[in-house]
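Protein chains in written order, with this note's numbering: chain A, 324 to 747; chain B, 37 to 306. All C-beta atoms, glycine included, are put in the ideal place defined by N, C-alpha and C.
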């Protein structure tokens, strides 16, 4: 009898067990139970589980909701159509190469107010179309891409804040996507387009990355009103790198304090119009690129404005150069003096990179003035503009502290001076 | 040593030429500040900063070499040094006193002019960044320090002021004006693998270069020197970098002081 009792007890226990485990995995079961188009509200709390959503439902966190997993599967997997994910924090703590916080495929999904912490990938879009991701944040440890697109078209990314990832937003073979008002920093590449056409990059900010944005073998990209700044901490850093890409429209952007503002390498038929290129070590650099056009840009405060190697057939006209001597005789707003940029230093350092140490050395400026490069190597603006095409606002700093600095310098030196003059 | 220091300082600040330096620095610095204030941005390394640095690199080493070498050559010429030799004076304290006195005097006049020029700039409505101003100031003071020492060393070799002038100018011309040209010329003759180590050696051999490079690095521009110097730049930027700088100053002082001392001792014996 005792044994019978024991078995009964065990049976009872085993009946209870699934109920307990079901309580722990309510999220997945809730999703499984919900009808199509339902809204599932997730209560505040931490959920150690992975979730797969493969029907059109809305998943919304109320309060602070954290989904966490360290396993091989993505924390959230989204399939099919029309899934909406809102106000959720997702954390993937795994450190395997393919670990992903959110995996998306299918179409017409919306991700909003998502906060992602990951050691590898943030969001992966694999054959996903018409997905909108907005108002979200991704933080990584510089070892995987923030958002990674593979063959995904017509997606929209808006107002995302991406920090410390490998590539902020990476597109491969993905077309017609829109990237707008995103803020990407401290990563390898801010936005990285490979073999992706007809994408729009608008009003993004990419700062303190190795490279602000790279466009590689991508066609008809529109890069407008973005800000690329302080991409200067690496020896290969640049604001915008256009490599083997064509028909790019770069308009109204700001390139500030980068190592190289815009680097155009082996690329053809791109157009730079009305950009502000300021305080870079080199403003625009052409390498083996021809048939590109740069007009109406404002070059201010760059240590070297523009340099070109093996790129003599670019049309660089009607730009404003603060370094140019300007005389306007007929009053058409264009200077009659041709502006030339000598690639002497570039050609010198191309042969022996060690000579880059002479960057802006007083002697090298002398040398450059004596040994002019042949005319066909020069980058020429035949009609430099008299006025800037864009407003350049000047930063203000408090003059009070400067007055104090000045006073301290004067007083300290003057009292030392009096002391020094005194006879003992 | 302190007596020499004090008398050198007193003698220098009482000279009429000392006041002309005040005029020179005020004129140069005010113009540079005017240039900076017309530039669109204040921070970081821009073309204006480049120009300011280059003007400083042209003018400060030249004057400091001449002042340094003259301060000793003058005493050689008018016999004051022989007079001093009749006292039991250690050569090293003579040299250190000379350097100290001259450096104090030059730092005073430069700081004073810097303050005045800054005030002039502020009155005329310019805005500056204090970080930028301090970087330029310390850059200039370091240049003054290193090239005064070089000048004093030159003074210990020469016997007349004409010699002092010609040697100072040629050192200036070599270290500042012709340095890259000379290096490119010489390194062009050598096997390619030698270039990288020799360039690094040359960087430390020329105080003007190391000061300029560390200045560019201090304004976050270390990346412009390219892949070849990435490890060096990262290292100098790290906390260990300061040790390298300290060692460099110690090494530079030891070499120049030792050399000047030997020269003077040798002359004493003659």
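Residue nearest to residue 645 (chain A) in terms of C-alpha spacing, selected from B:57, B:41, B:83, B:268: When only C-alpha atoms are compared, the closest one is B:83.
Against residue 681 (chain A), what residues of chain B qualify as contacts under a CB-to-CB distance less than 7 Å, listed in chain order? Near residue 681 (chain A) (Cβ distances below 7 Å), the residues of chain B are 216.
Are the C-beta atoms of residue 511 (chain A) and some chain B residue less than 7 Å apart? For residue 511 (chain A), the answer is no, since every Cβ of chain B falls outside 7 Å of its Cβ.
Using a beta-carbon distance below 7 Å, is residue 54 (chain B) in contact with chain A? So, not an interface residue.
Does any residue of chain B have a CB that is nearer than 7 Å to the CB of residue 340 (chain A)? With a pLDDT of only 47 at residue 340 (chain A), under the threshold of 50, the placement of this residue in the model should not be trusted, and no figure is reported.
In chain B, which residues lie less than 9 Å from residue 740 (chain A) when you measure between Cβ atoms? Those are 49, 141, 144, 145, 148, listed as they occur along chain B.
For the region 638-660 of chain A, enumerate the residues whose C-beta is nearer than 8 Å to any C-beta of chain B, in chain order. Against chain B - using a Cβ distance shorter than 8 Å - the residues of the region 638-660 of chain A are 645, 646.
Quick one: which chain A residues come within Cβ less than 9 Å of residue 284 (chain B)? Those do not exist, as residue 284 (chain B) stays about 16 Å from chain A at its closest Cβ, beyond 9 Å.
Quickly, what does DSSP pair residue 284 (chain A) with across the bridge? List them, please. Residue 284 (chain A) lies beyond the stretch modelled for chain A, which goes from 324 to 747, so this question has no answer here.
Alpha carbon of residue 593 (chain A) to alpha carbon of residue 706 (chain A), nearest angstrom: Computed Cα separation, rounded: 20 Å.
Identify, in the order they occur along the chain, each residue of the same chain with its Cβ nearer than 6 Å to the Cβ of residue 418 (chain A), setting aside the five sequence neighbours on each side. Cβ neighbours of residue 418 (chain A) beyond the five flanking positions: 442.
Which residues does DSSP list as the beta-bridge partners of residue 525 (chain A)? Residue 525 (chain A) is bridged to A:503, A:547.
Quick one: does residue 714 (chain A) have its CB under 7 Å from some CB of chain B? Using a CB distance cut-off of 7 Å, residue 714 (chain A) does not count as an interface residue toward chain B.
Measure the alpha-carbon distance for residue 39 (chain B) versus residue 289 (chain B) and round it to whole angstroms. One C-alpha to the other measures close to 21 Å.
Tell whether a beta-carbon distance below 7 Å holds between residue 413 (chain A) and residue 439 (chain A). Cβ distance < 7 Å, so residue 413 (chain A) and residue 439 (chain A) count as in contact.
Residue interval of the alpha helix (DSSP H) (run including residue 47 (chain B)): Per DSSP, residue 47 (chain B) belongs to the alpha helix (DSSP H) from 38-50.
Bounding residues of the alpha helix (DSSP H) (the contiguous stretch that carries residue 744 (chain A)): 722-744 is the span of the alpha helix (DSSP H), which, as asked, contains residue 744 (chain A).
If you draw a straight line from the alpha carbon of residue 428 (chain A) to that of residue 485 (chain A), how long is it in whole angstroms? Going by C-alpha positions, residue 428 (chain A) is about 21 Å away from residue 485 (chain A).
Distance CB(residue 244 (chain B))-CB(residue 219 (chain B)) smaller than 7 Å: Cβ atoms of residue 244 (chain B) and residue 219 (chain B): not closer than 7 Å.
How should residue 374 (chain A) be labelled, buried or exposed, when 16 other C-beta atoms within 10 angstroms of its C-beta is the threshold for buried? The residue in question, residue 374 (chain A), is buried, as its Cβ has 16 or more Cβ neighbours within 10 Å.
Mark residue 134 (chain B) as exposed unless 16 or more other C-beta atoms lie within 10 angstroms of its C-beta, in which case mark it buried. Buried, since its Cβ has 16 or more Cβ neighbours within 10 Å.
Shorter than 7 Å from the beta carbon of residue 456 (chain A) to some beta carbon of chain B? Output row for residue 456 (chain A): interface = no.
Counted within 10 angstroms of its Cβ, other Cβ atoms place residue 345 (chain A) as buried (16 or more) or exposed: With a pLDDT of only 41 at residue 345 (chain A), under 50, the local geometry of the prediction cannot be trusted, and no value is derived from it.
Could you round the C-beta distance between residue 565 (chain A) and residue 532 (chain A) to whole angstroms and report it? I think they count as a contact, below 8 Å. So it is not a contact: roughly 16 Å between Cβ atoms.
Hey, out of A:659, A:650, A:653, A:580, whose CA is closest to residue 622 (chain A)'s CA? When the alpha-carbon of residue 622 (chain A) is set against those of A:659, A:650, A:653, A:580, the nearest one is in A:580.
What runs of the alpha helix (DSSP H), each 4 residues or longer, lie entirely inside the region 166-209 of chain B? 166-193, 197-208, all fully within the region 166-209 of chain B.
Within 10 angstroms of its Cβ, does residue 259 (chain B) collect 16 or more other Cβ (buried), or is it exposed? Label assigned to residue 259 (chain B): buried.
For residue 471 (chain A), the nearest candidate out of A:423, A:618, A:743 (CA to CA): Looking at the Cα atoms, A:423 is the closest of the given residues.
Any idea if residue 249 (chain B) is buried or exposed, counting beta-carbon neighbours within 10 angstroms, 16 or more meaning buried? So residue 249 (chain B) counts as buried.
Would you decide whether residue 681 (chain A) is buried or exposed? Buried here means 16 or more other CB atoms lie within 10 Å of its CB. So residue 681 (chain A) ends up on the buried side.
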